[in-house]
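Participant: Residue numbers (the UniProt record's numbering): 1 to 159. Yeah, the Cβ is synthetic: ideal placement off N, Cα and C, and Gly gets one too. Note that the structure is predicted; figures quoted are calculated from it, not measured.
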């Protein structure tokens, strides 16, 4: 397995992970939006006297505020951690893609150089055949095509 295939697999894994993190973050955001909407529509009680399972006399205002602040801090921290994780993953994907582009550019450059070398060898073979042997052809025919094929196979032979 060459480097570009490994990078492609790595990119695919990171993209899948990024999509998973995005879905998780959207789920968390929808939960938060749902809770905010319930408080705004007064579906969830904001008054401690209208407690759900615990009567208001058992919970003090200070304790309720402390729990609400702790919940808010935990939610903010989780949101922040998710955003940091998402950003880190995004940066990793960008770096891997950048490396892949550079590798493909290098590979393209090498292939281009090989093509230029091959063209040079073919031109040298044809020049030798037509001008050194004093035979000139005005058009390409089946004989010149076979000569070109022979020259390609003789790439490493000195002319």
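Could you pull the start and end residues of the alpha helix (DSSP H) that residue 63 belongs to?
Facilitator: 61-127
Participant: In three-state terms, what does DSSP make of residue 34?
Facilitator: helix
Participant: Excluding the 5 residues flanking residue 92 on each side, which residues of the same chain have their C-beta closer than 8 Å to its C-beta?
Facilitator: 14
Participant: For residue 18 and residue 106, what's the separation of their Cα atoms in angstroms?
Facilitator: 28 Å
Participant: Rounding to the nearest angstrom, what Cα-Cα distance links residue 63 and residue 69 in this structure?
Facilitator: Straight-line spacing of the CA atoms in residue 63 and residue 69 works out to 10 Å.
Participant: Can residue 96 and residue 11 be called in contact, C-beta distance under 7 Å?
Facilitator: Residue 96 is a Cβ neighbour of residue 11, given a cutoff of 7 Å.
Participant: So, using beta-carbon positions, are residue 25 and residue 82 closer together than 7 Å?
Facilitator: Yes, the Cβ-Cβ distance between residue 25 and residue 82 is below 7 Å.
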